[in-house]
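Trainee: Numbering that gives the first Met the number 0 puts the first residue of the sequence shown at 0, with every later residue one more than the last.
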Amino acid sequence: MTHVFSSLELRDLELPNRIAVSPMCQYSSPTDGLAREWHRVHLGSRAVGGAGLVMAEATAVEARGRISTHDLGIWSDDHARALEPITAFIREQGAVPAIQLAHAGHKGSKNQPWAGNEPVSLEAGGWEVLSPSPEAYPFEAAPEAMRAMDQDDIDDVIEAFRSSAERSLAAGFEVVEVHAAHGYLLHQFLSPVSNRREDEYGGGFENRTRLVREVTAAVRAVWPDDKPVFVRISGTDWLPDRESWDLEQSIRLSRQLAEMGVDLIDVSSGGIHPDQDGPSGPNYQVPLAEGIRDAVDDVAVGAVGGIRTAEQADALVRNGRADLVLVAREFLRDPYFPLRWATDLGLEEATSLWPVQYRRAVGN
Ligand SMILES: Cc1cc2nc3c(=O)[nH]c(=O)nc-3n(C[C@H](O)[C@H](O)[C@H](O)COP(=O)(O)O)c2cc1C
């Protein structure tokens, strides 16, 4: 029977189980975007803890694509080299290293959340952010400088995703995820709330989804045929009172992405506008994942959001609501919870999941 500890095959890659560390910004690089000891310990300890896949946080494909001054980046070979020991360690634990490639668009040039998430001035190290339509910027604290993207900017962004995927491969990642959710650049193009363009990147569905398709095609073209590509989308903007991005468009886009060789749609939600009115609590985004899984053939679906217990996660897989369970905050509370879950679910081979160095702690 398929359960959360059964393996998942995607192309030639086998995930040892279906528990994934959802990408989580750590805002812990110095302003050079390089990975440091924090990233190694943060990601490494979750691999020790039994996750089947460990995804590095939203990693900026270019410096002006960072959310904050302290984001992780992969815009040079030095960045890739700094990530190499981390992917090697994750693989040594039997887990699959993955990376989320991201561009913040107009939600960039901020300081860290614990410093207030405030715009950073150009003088203090901020930058001019890119936007599909600066006039539609909806948040209170706007970056000091914002520019509507022209065709050269669009070409540069596509190229930045492409070259960052190449560097991710060189760094040892086995899965690459395109971040098209949470109100960041690619989502800014998808949603009519933030996209007011009148060129071939704005207006109807085909135009608004064009950049996501072009970025995905560029990434898929350099990512090996035997390795999977994921795309994270916001399944809905949670803005039913206006023209916005919704589940129906997400299903349409997921079909197109599946045809282009995307292997898994990672279904999150929201982030485009402060008026969003969405649910929270256990499994709060699962109906979106399920809606896509039911409607789209030939693509795996990841569920994320409010997943905290073994029984809950196992039921999602057992009942065919999702192929992969991504977990964020529970991994912050306890990096080793998959080891506990295996015991809670009565898995026969629970002990063998524990690292040999820790086995004396099993059962007593
Ligand atoms: C500290 C933190 C950082 C996050 N950073 C990212 C990120 O880099 N990329 C992303 O797609 N989602 C990010 N998220 C969202 C999570 O990946 C996840 O979708 C969300 O927290 C819901 O899952 P949960 O209920 O298991 O926490 C972040 C969440 C947290 C708590």
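We treat Cβ as the ideally placed atom computed from N, Cα and C, and that holds for glycine.
Determine the contact status of G301 and A309, defining contact as a CB-CB distance below 8 Å.
Mentor: Not a contact, by the Cβ cut-off of 8 Å.
Trainee: Secondary structure at E258, three-state DSSP: helix, strand or coil?
Mentor: E258 falls in the helix class under three-state DSSP.
Trainee: Mind the definition here: the segment 207-225 touches the segment 246-260 only if three or more C-beta pairs lie below 8 Å; say whether that holds.
Mentor: Yes, the segment 207-225 touches the segment 246-260.
Trainee: Work out the CA separation of Y183 and G269 for me, nearest whole Å.
Mentor: Rounded to whole angstroms, G269 to Y183 spans 10 Å at the Cα level.
Trainee: Assuming V53 and A97 are in contact, meaning their beta carbons sit under 8 Å apart, how far apart are those beta carbons, in whole angstroms?
Mentor: Between A97 and V53 the Cβ distance is about 7 Å, and since that is below 8 Å, they are a contact.
Trainee: Anyone know if the C-beta pair for C24 and A59 falls short of 8 Å?
Mentor: No, these two residues do not count as a Cβ contact at 8 Å.
Trainee: Keeping to the same chain, check which residues put their C-beta closer than 6 Å to that of S28; ignore five residues upstream and five downstream.
Mentor: Hits under 6 Å: H69 and L71.
Trainee: For the alpha helix (DSSP H) that contains I89, what are its first and last residues?
Mentor: Counting along the chain, the alpha helix (DSSP H) containing I89 begins and ends at D76 to E91.
Trainee: Mind checking which residues open and close the alpha helix (DSSP H) that includes H186?
Mentor: From DSSP, the alpha helix (DSSP H) with H186 extends over L184 to L189.
Trainee: With a threshold of 16 other CB atoms inside 10 Å of the CB of G43, please say whether the residue is buried or exposed.
Mentor: It is buried - the Cβ of G43 has at least 16 other Cβ atoms within 10 Å.
Trainee: Spell out a yes or no on whether the segment 9-17 and the segment 314-327 are touching, meaning 3 or more CB-CB pairs, one atom from each, closer than 8 Å.
Mentor: Yes: at least three Cβ pairs fall under 8 Å.
Trainee: Buried or exposed for T350, please, with buried defined as at least 16 other CB atoms from any protein chain shown within 10 angstroms of its CB.
Mentor: Burial call: exposed.
Trainee: Say yes only if the C-beta of G124 is nearer than 7 Å to one or more non-hydrogen atoms of ligand 1, and no if none qualify.
Mentor: Not so, every heavy atom of ligand 1 lies at least 7 Å from the Cβ.
Trainee: With a cut-off of 8 Å, do at least 3 Cβ pairs link the segment 233-247 to the segment 269-281?
Mentor: These segments touch.
Trainee: Where does R63 sit, in a helix, a strand or coil, going by DSSP?
Mentor: Correct three-state label for R63: helix.
Trainee: In the DSSP output, which residue or residues are listed as bridge partners for K109?
Mentor: Paired residues: S67 and P118.
Trainee: Identify, in the order they occur along the chain, each residue of the same chain with its Cβ nearer than 8 Å to the Cβ of W37, setting aside the five sequence neighbours on each side.
Mentor: Cβ within range, chain order: Q25 and S27.
Trainee: How would you write the range of the alpha helix (DSSP H) that S351 sits in, first residue to last?
Mentor: That run of the alpha helix (DSSP H) goes A349 to L352.
Trainee: Any heavy atom of ligand 1 within a distance shorter than 7 Å of the CB on S286?
Mentor: Checking the displayed sequence, the identity of residue 286 turns out to be Pro instead of Ser. Because no heavy atom of ligand 1 lies under 7 Å away, the Cβ of P286 does not count as near it: no.
Trainee: R231 to Y357, Cα distance in whole Å?
Mentor: Taking the straight line joining both Cα atoms gives about 34 Å.
Trainee: Flag H178 as yes when its Cβ comes closer than 7 Å to any non-hydrogen atom of ligand 1, and as no otherwise.
Mentor: Because some heavy atom of ligand 1 lies under 7 Å away, the Cβ of H178 counts as near it: yes.
Trainee: Decide if Q150 is buried, meaning its Cβ has at least 16 other Cβ atoms within 10 Å, or exposed.
Mentor: By the neighbour-count rule (16 or more Cβ atoms within 10 Å), Q150 is not buried but exposed.
Trainee: As a quick exercise: from S190, V192, S193 and L210, pick the residue whose alpha carbon is nearest that of E199.
Mentor: With distances taken between Cα atoms, E199 lies closest to L210.
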